[in-house]
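Letter by letter, the sequence shown follows residues -5 to 494 of our numbering. Each residue gets a CB set at the ideal place from its N, CA and C atoms; glycine is no exception. All values reported here derive from a predicted model rather than from experimental measurement. Have a look at the structure below before the remarks.
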Amino acid sequence: MSTPEPENGNDFRDLQLLIRSHVPILVVETHDENRAREMMTRLAIRETLPLFVWTVTEGLQRLGFGEVPAAEALLEPEAMLKAIKAQRERGLYVLCDLHPYLSEPRLVRLLKDVALRYRELGHTLVLLSHRLDIPPELTRLAARVALSLPDEEEIMAIVREEARRWQEANGGRRVRTDNRTLAQLTRSLRGLTHADCRRLVRNAIFDDGSITESALPEMNRAKFELMDLDGVLSFEYRTEQFADVAGVSRLRAWLEQRREAATATGTPEVDRPRGVLLLGVQGAGKSLSARAIAGAWGLPLLRLDMGALYNKYIGETERNLRESLRSAELMAPCVLWLDEIEKGIGTAESDEGVSRRVLGSLLTWMAEQRGGVFVVATANDVSLLPPELLRKGRFDEIFFVDLPDEDTRAEIFRIHLRRRGVASEGIDVGALAAASEGFAGAEIEQVVVSARYRAAAAQQPLDSAHLATEIRATVPLSVTMAERMDALRRWAAGRTVPAN
Ligand SMILES: Nc1ncnc2c1ncn2[C@@H]1O[C@H](COP(=O)(O)OP(=O)(O)O)[C@@H](O)[C@H]1O
Ligand SMILES: [Mg+2]
C-alpha cells in the first residue's frame, strides 16, 4: 500500500525540482512557517541532505543526527553565514526571518558568496519569512516559491479532521452542522493558510461542538484580520436585512434573481453579477440597502473608505486601491461597498491626475474581475461622477433610490417604531405618512427619535401627536434642496432603473 499523498503534493514537488536543478537560493514567503519547515524536513529526507535550521533566537541547528555546531556562537546572521560558507558537507539550510537583515551589504555579500560557490559547496539556502524583499544582486541566484493555499477540498479535509478530533475528545459526541453551512464555511476559509484554517475551524467547533451559520460572521472577521490589511478596507460587522428596508422592491427582486449566481462558487465567471450603483437622494436608504445586500446574500461586507484611500499614505493612493481590491478578491465571495463614491473619484483637477488614475484602475478592475466580488457603490451627487463610471456595462445596473411614497413612508414609520420597541397599533401611521410628504427615510427616523425624547421629557407614552409635532418642525431636504433633487431626478429618468 502506498503512503497517502502529503498535503499539497505540488508544493513539495516544486521545491524538490528546484533543489534538484541546483538553484542556490529558494525564497519562501509564507505565514505558515511550521508547514514550510515540515515540508523542508520531508524534502531533506527524500534527498538525503543534512538539514539545518537557523533562527535568531536559537542559532543554527542541525536537525536529526550528526554533529551539532556550536549553536550559541551562530546567533548572529553574519557568523551563521560564515559558518555555512565554511561548511564542506552539502546541506539544506533553512534560514527563518532573515528579512530584516537583507539590507545589510555584508550579509547580502555572504549570501551571494555561498550561492556563487554552489558548484563547490552544493548548499541550498532557503529564506523563509512572511515577506521577503530580495535585493537585486541576489535575484538571479534565487527562485521564489509560492506555497499554495488549501483549496476547498483540502479545507473540507481539515474540517473533517478537526471534527473527528473534537468527537474523540468529547466521548464520541458528533459535531453538529449542516451542508449549507459547511459549504459557506469552506468558501470563507479560502485564501488562508493551512494553519490558519485549522485554527479557525478548531475555534468554531470548540465552543459548543457545532458549526452553525451564526459562527460565520465571526469567522469572516477573523479571516479579514488575518489578512493583515492596511486600514483602507474595513470589515463591516453590521449587515442588515431587507425586512428593515422599506421600499426598494425592484432592487430586491433584481437581487433575489442573482442570489444564487453571486453566492455559489460554481458559477461560471462570465455569469457572475459584478455590481450595482445606487444613486439617489440623501437619506433614502442607499447605505442601508448596501448593508442589506450583504445580509440578504449572507456574504461578508467590506467597505472601502474612499477618503482614507487618499489620506492614509500620501502618494500611495493607487497602491492602496490595488491592494484593497486584491484583498477583496481574497475574501470572495463578498460584497465590496464603495460608499459615496463621488467623494473618492471627484473630478478634482488639483490632485495631479491621481483621482483620474484611481478611477482608471477601478474601472479596469471592475471590467476584468470575475472573482466573486460584488461591488455596491452609492452616490448622492451625479454631477461629481465622471461619465466613464456611468457608461453602460460598468455596473450591471444603476438603480435610482427616490424619496419614499406614502405607503413606503408608513412602512418606514413602522420599522423605526418597532426597532425602538414602540407598538405601532396605537399610532396613526397612515396619517403620519400622509403628513410627511417629501421626507426621506432618514428624516422619518429622526422624527421618531425626536418624538421619543419629547414624549419622555413630558413623561408620556409616545403617541401620534408627538410624532406629528416633530413632522411639522422638520423642513426636509427635498424642500431646502429642491432644485438639486429635481436635477438629479431628471438625470436619472431614462438612465437608471427605479429601485422602489
Ligand atoms: N427605506 C428605508 N427604510 C427604512 N429605514 C430607512 C430607509 N431609508 C433610510 N432609512 C433610515 O435612515 C438611515 C440613513 O439612511 P442611509 O441608508 O444612510 O441613507 P443614504 O445612504 O441613502 O443617504 C438608515 O440607517 C435608516 O435607519
Ligand atoms: Mg449613505
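Alpha-carbon spacing of residue i relative to residue j, whole angstroms
i     : j    : result
E146  : R184 : 7 Å
L132  : N374 : 52 Å
T(-3) : I19  : Note that T(-3) scores 37 on pLDDT, short of 50, meaning its location in the model is unreliable; the coordinates nonetheless yield the value given after this. Answer to the nearest angstrom: the Cα atoms are 30 Å apart.
E317  : N164 : 43 Å
E72   : A302 : 41 Å
P380  : W485 : 14 Å
F368  : F389 : 10 Å
R111  : E148 : 40 Å
A450  : P470 : 24 Å
S15   : E23  : 20 Å
T457  : W248 : According to the sequence provided, residue 457 is Asp. The question's Thr does not apply to it. The alpha-carbon atoms of D457 and W248 are separated by roughly 37 Å.
L12   : E41  : 12 Å
L384  : T358 : 14 Å
G203  : G58  : 39 Å
A417  : V443 : 15 Å
K507  : T233 : Nothing in the structure corresponds to residue 507, since the chain is present only between -5 and 494.
F6    : D26  : 15 Å
L179  : T259 : 12 Å
E362  : L315 : 15 Å
R466  : G289 : 35 Å
P455  : V441 : 15 Å
N2    : E83  : Only weak support is given to the placement of N2: the predicted model assigns it a pLDDT of 49, under 50, and the question is left unresolved by the model.
Limits of the unbroken beta strand (DSSP E) element including residue i
i    : result
Q440 : Where Q440 is concerned, there is no enclosing beta strand (DSSP E), although the alpha helix (DSSP H) it sits in stretches over G435 to A451.
E499 : The question about residue 499 has no answer here: the residues shown for the chain are numbered -5 through 494.
G274 : G269 to G274
V473 : No beta strand (DSSP E) contains V473, which is instead part of the alpha helix (DSSP H) from L471 to T474.
I392 : E391 to V395
S418 : Run containing S418: none; DSSP gives neither H nor E here.
G53  : G53 to L57
Any non-hydrogen atom of ligand 2 within 7 Å of residue i CB
i    : result
S228 : no
D333 : yes
S123 : no
S281 : yes
T372 : yes
Chain-order list of residues whose beta-carbon lies under 8 Å from that of residue i (same chain, five-residue window excluded)
i     : result
G424  : A404
L119  : P18, I19, L20, I78, Y87, L89, L105, V108 and A109
L353  : I339, P380, E382 and L383
M(-5) : Unreliable placement is indicated for M(-5), whose pLDDT of 34 sits below 50; the coordinate value is still reported in the next sentence. Contacts found: none.
Residue i: CB within 7 Å of a non-hydrogen atom of ligand 1
i    : result
P511 : For residue 511 there is no data in the structure shown, the boundaries of the chain being -5 and 494.
V169 : no
G301 : no
A436 : yes
I409 : yes
V395 : yes
E477 : no
E439 : yes
D238 : yes
Q235 : no
I406 : yes
G420 : no
A278 : yes
Minimum Cβ-Cβ distance from residue i to chain C less than 8 Å
i    : result
K106 : No chain C appears in the structure shown, which is made up of a single protein chain.
Cβ pair residue i, residue j closer than 8 Å
i    : j    : result
A284 : F393 : no
R154 : Q161 : no
L273 : V370 : no
S142 : D91  : no
L330 : L298 : yes
E437 : R448 : no
F236 : R246 : yes
A427 : E400 : yes
E439 : H410 : yes
L220 : S321 : no
P327 : R181 : yes
L296 : E230 : yes
Beta-carbon contacts of residue i that lie in its chain and below 7 Å, excluding the five residues immediately before and after
i    : result
R351 : E312
P267 : R252, A255, A256, F368 and D390
L319 : W359
A157 : V169 and I199
L282 : E234 and V239
R193 : none
Start and end residues, alpha helix (DSSP H) containing residue i
i    : result
F200 : H188 to D202
A177 : N173 to L183
R408 : E400 to R413
F504 : Lying before the first or after the last residue shown, residue 504 is absent from the chain, which here runs from -5 to 494.
Own chain residues within Cβ distance below 6 Å of residue i, not counting five before or after
i    : result
G241 : P398, T402 and N494
A432 : Looking at the sequence provided, one finds Gly at residue 432 rather than Ala. Cβ within range, chain order: P470 and S472.
R138 : V21
E336 : A373, D375, L378 and L379
H93  : S123 and L126
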